[in-house]
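Contents: one structure, followed by commentary.
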């Protein structure tokens, strides 16, 4: 048995050794080569394609895509990307996804591509959550998002885009503002003054002692803040009088 981690972390030599025994073999019946090989390795086809496709060494091993019946690395990468974007913890497990992030954080080429893939993947997951309100998907989504920030996959531009969304229930759902602050991507004071941040998100910053009272008072001087935020800030100051 070969695991997802065995393939994604494999060295050039190990990857060739694992897959070369399938070189020249054809698919049988309705099964293509990748599906046939995945079955032999006791993996799902999607796991095989993504573990090999996200292995940082595979782009230099020109014979590997052909073994899986892909014309070249670009074709393998396209299949890998489509699976990553569209799958919601079925063909790829949460652990598989977290492993992909763990290896990509040190892979400059794939990390750059991941910025595009990640935005599309999260859109797919969030649309599914809106449709089904599936608690298992929500918990896995939360854990995945924590890894996105803690592993350094999320760029400042990614975080900015997430923070600039108005009325973001998903951002509040996973406590994303605190995750961004804890991972030192954007300072708490910067986030606090944004109109796009919900009052309940700002309250969490306040309750963690991340915003000085003088900044709260400065924010209250802004006549454009919502009544809901104003009530929250006044309530906070009232409860924290010296």
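Residue numbers (the working numbering): 534 to 775.
For glycine and all other residues, C-beta sits at the position ideal for the given N, C-alpha and C.
Between which two residues does the alpha helix (DSSP H) carrying residue i extend?
{"i": "residue 668", "result": "668-683"}
{"i": "residue 574", "result": "566-574"}
{"i": "residue 769", "result": "760-772"}
{"i": "residue 732", "result": "732-740"}
{"i": "residue 580", "result": "578-586"}
{"i": "residue 687", "result": "That residue, residue 687, is in no alpha helix (DSSP H); it is neither H nor E in DSSP."}
Alpha carbon to alpha carbon, how far is residue j from residue i? Give it in angstroms, no decimals.
{"i": "residue 550", "j": "residue 539", "result": "12 angstroms"}
{"i": "residue 667", "j": "residue 680", "result": "20 angstroms"}
{"i": "residue 697", "j": "residue 724", "result": "10 angstroms"}
{"i": "residue 758", "j": "residue 739", "result": "17 angstroms"}
{"i": "residue 702", "j": "residue 729", "result": "11 angstroms"}
{"i": "residue 766", "j": "residue 713", "result": "22 angstroms"}
{"i": "residue 541", "j": "residue 617", "result": "14 angstroms"}
{"i": "residue 477", "j": "residue 734", "result": "Lying outside 534 to 775, the shown extent of the chain, residue 477 is not represented and no answer is given."}
{"i": "residue 753", "j": "residue 692", "result": "25 angstroms"}
{"i": "residue 574", "j": "residue 634", "result": "23 angstroms"}
{"i": "residue 561", "j": "residue 613", "result": "With a pLDDT of only 44 at residue 561, under 50, the local geometry of the prediction cannot be trusted, and the value read off the model is given with reservation. Distance between the alpha carbons of residue 561 and residue 613 is about 22 angstroms."}
{"i": "residue 644", "j": "residue 762", "result": "37 angstroms"}
{"i": "residue 571", "j": "residue 537", "result": "10 angstroms"}
{"i": "residue 741", "j": "residue 710", "result": "12 angstroms"}
Smallest Cα separation from residue i: which of the options?
{"i": "residue 674", "options": "649, 627, 763, 543", "result": "627"}
{"i": "residue 576", "options": "534, 552, 613", "result": "534"}
{"i": "residue 629", "options": "659, 579, 643", "result": "579"}
{"i": "residue 632", "options": "547, 660, 583, 594", "result": "583"}
{"i": "residue 547", "options": "568, 569, 588", "result": "588"}
{"i": "residue 656", "options": "642, 537, 621, 727", "result": "621"}
Enumerate in chain order the residues of its own chain whose CB-to-CB distance from residue i is below 6 angstroms, with the five nearest sequence positions on each side excluded.
{"i": "residue 609", "result": "586, 598, 603"}
{"i": "residue 600", "result": "552, 555, 556"}
{"i": "residue 606", "result": "592, 598"}
Once the 5 residues before and after residue i are set aside, which same chain residues still bring their CB inside 7 angstroms of it?
{"i": "residue 722", "result": "744, 748"}
May I have a chain-ordered list of the beta strand (DSSP E) segments no shorter than 3 residues that lie completely inside the region 632-664? none
Within the region 693-734, note down every full alpha helix (DSSP H) run reaching 4 residues or more, in order along the chain. DSSP runs (the alpha helix (DSSP H)) wholly in the region 693-734: 702-706, 709-715, 721-725.
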